[in-house]
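Numbers given in our numbering equal positions in the sequence shown, counted from 1, plus 1.
Cβ coordinates follow ideal geometry from the N, Cα and C atoms, glycine included.
Written out below as structure tokens is the structure these notes cover.
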Amino acid sequence: CDRAALAFETRAEALPAAPGLAALAPRRVHALLGQGAARLEGGLKGGPADLFGAAAKTVGSMALLRLDAGPRGPAGLLALSSRDPEHFQAGQGTELLVFLARMVSAQLPALIDPPEAL
2 CDRAALAFET RAEALPAAPG LAALAPRRVH ALLGQGAARL EGGLKGGPAD
52 LFGAAAKTVG SMALLRLDAG PRGPAGLLAL SSRDPEHFQA GQGTELLVFL
102 ARMVSAQLPA LIDPPEAL
């Protein structure tokens with residue numbers, strides 16, 4: 002994996018400026034994943050610019066993983082890319098990648114709605 006990005010359906014100004022953090026248009030997660038939890042794709046000659054920014058042209062394969070930010074959070078995804086067009090391929094098992102997305106998702110509610118300081 003060469004690049005990773007967290008992307009959420011929200012206005013760009015709602016997100017802190019940080020490398021690897023992207024704002025997506027409404028319904029973009031559904032457009033990329035449908036009802037699925039993961040999508041792996043290889044043999045690419047570039048990836049979505051809204052996920053990978055200037056590095057989009059170097060994407061040879063990618064894994065897109067749905068994130069669950071809780072009932073108050075926006076729709077989101079974890080996007081992983083590789084220059085190697087065979088690194089991620091449709092038909093590969095996704096169990097470990099989906100597990101990773103669940104672990105990331107578990108931390109999101111605290112980031113979106115942090116608890117009051119004691």
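Residue pairing from DSSP places A8 in a beta bridge opposite A23, L78. In the DSSP assignment, A32 falls within the unbroken alpha helix (DSSP H) covering 29–34.
For L41, the enclosing beta strand (DSSP E) stretches over residues 39–42.
Boundaries of the alpha helix (DSSP H) harbouring L52: 50–53, taken from the DSSP string. Taken atom to atom, the span from the alpha-carbon of L25 to that of L66 is near 14 Å.
Exclusion of the five residues before and after T59 leaves R84 as the residues of its chain whose Cβ lies within less than 6 Å of its Cβ. Residue burial is scored here from C-beta neighbours: M104 has fewer than 16 other C-beta atoms within 10 angstroms and is therefore classed as exposed.
Note that the segment 39–54 touches the segment 2–15; at least 3 beta-carbon pairs, one per stretch, sit closer than 8 Å.
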